[in-house]
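K.L.:
Protein chains in written order, with our numbering: chain G, 27 to 143; chain V, 11 to 121.
#1: Closest to residue 57 (chain V) by C-alpha separation, out of V:39, V:74, V:13 and V:91, would be which residue?
#2: Do three or more CB pairs link the region 46 to 55 of chain V to the region 128 to 139 of chain G at distances below 8 Å?
#3: When burial is assigned at 16 or more other CB atoms within 10 Å of the CB, is residue 43 (chain G) buried or exposed?
#4: In chain V, what lies closer than 8 Å to residue 69 (chain G) by C-beta?
#5: Run through DSSP, which three-state label would residue 78 (chain G) get?
#6: Please check if any C-beta of chain V sits within less than 9 Å of the C-beta of residue 37 (chain G).
#7: Report yes or no: is there a C-beta of chain V within less than 9 Å of the C-beta of residue 137 (chain G)?
#8: Following the continuous beta strand (DSSP E) through residue 95 (chain V), name the residue where it begins and the one where it ends.
#9: Of all the CB atoms in chain G, is at least one closer than 9 Å to the CB of residue 102 (chain V)?
#10: If you pair each beta-carbon of the region 29 to 49 of chain G with each one of the region 96 to 109 of chain G, do three or more pairs fall below 8 Å?
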């Protein structure tokens, strides 16, 4: 299957700082990427849809000024958690949309564990 | 919004046993996807289903796209310890590719 990478895999930061997470599709181009947040033993919660060359679409309840998304190329989307607070600590996972003809699939990155102290 | 009901929530089985889990929805989906997630990792795609009634296998895994397009099941035959993990179903029915995820089935396999 297609490969999606995320960097960093783990990050610890102080409260009030900003953290940037990168999501890359390594062997295919992705005009659409998705950002999820996952709490322990819970399902994936979609935060936003990242579209190459345009503004991201945020799900209800997700602060767009808090979670900045940039999708500057067909293989890279970034999520920046601004002024992070302990409640932002979570597992953040991105996925990239792969479209082949009429068949589409999402391939996930390995996730980024964020701990805000 | 759309919701998926995934069951069972958890399963404890003996190595060698077969496993079955399913997802149902009140809405129609055009695509069903099954993923496995290991602790601390991102979900890995197991099987993708694109046609109602489609039955697809991937090794010991078999999944079917329900004929009504509102359900799907995943079977694992002859389970082994490395099958342990959380299995998620996901349905898609928009051109934007947004998926709706089930709450997951946690599988434990006893050697």
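We put the beta carbon where it would ideally sit given N, CA and C, even for glycine.
P.N.:
Per the coordinate set shown:
#1: Locating residue 57 (chain V) in the second chain gives position 47, where the first residue counts as 1. With distances taken between Cα atoms, residue 57 (chain V) lies closest to V:74.
#2: yes
#3: Position 17 of the first chain holds residue 43 (chain G). Classification of residue 43 (chain G): exposed, given that the 10 Å Cβ count is below 16.
#4: Stepping through the first chain from its first residue, residue 69 (chain G) is reached at position 43. Per Cβ cutoff of 8 Å: 98, 111, 112, 113 and 114.
#5: Within the first chain, residue 78 (chain G) is the residue found at index 52, counting from 1. Correct three-state label for residue 78 (chain G): coil.
#6: Here the question's residue 37 (chain G) lines up with position 11 in the first chain. With 9 Å as the cut-off, residue 37 (chain G) does not count as an interface residue toward chain V.
#7: One-based indexing of the first chain puts residue 137 (chain G) at position 111. Residue 137 (chain G) counts as touching chain V.
#8: Residue mapping note: residue 95 (chain V) aligns to position 85 of the second chain, counting from 1. Its beta strand (DSSP E) spans residues 95 to 102.
#9: To locate residue 102 (chain V), count along the second chain from 1; it is residue 92. True, the Cβ-Cβ gap to chain G drops below 9 Å.
#10: Yes, since at least three Cβ pairs between the region 29 to 49 of chain G and the region 96 to 109 of chain G fall closer than 8 Å, the two stretches touch.
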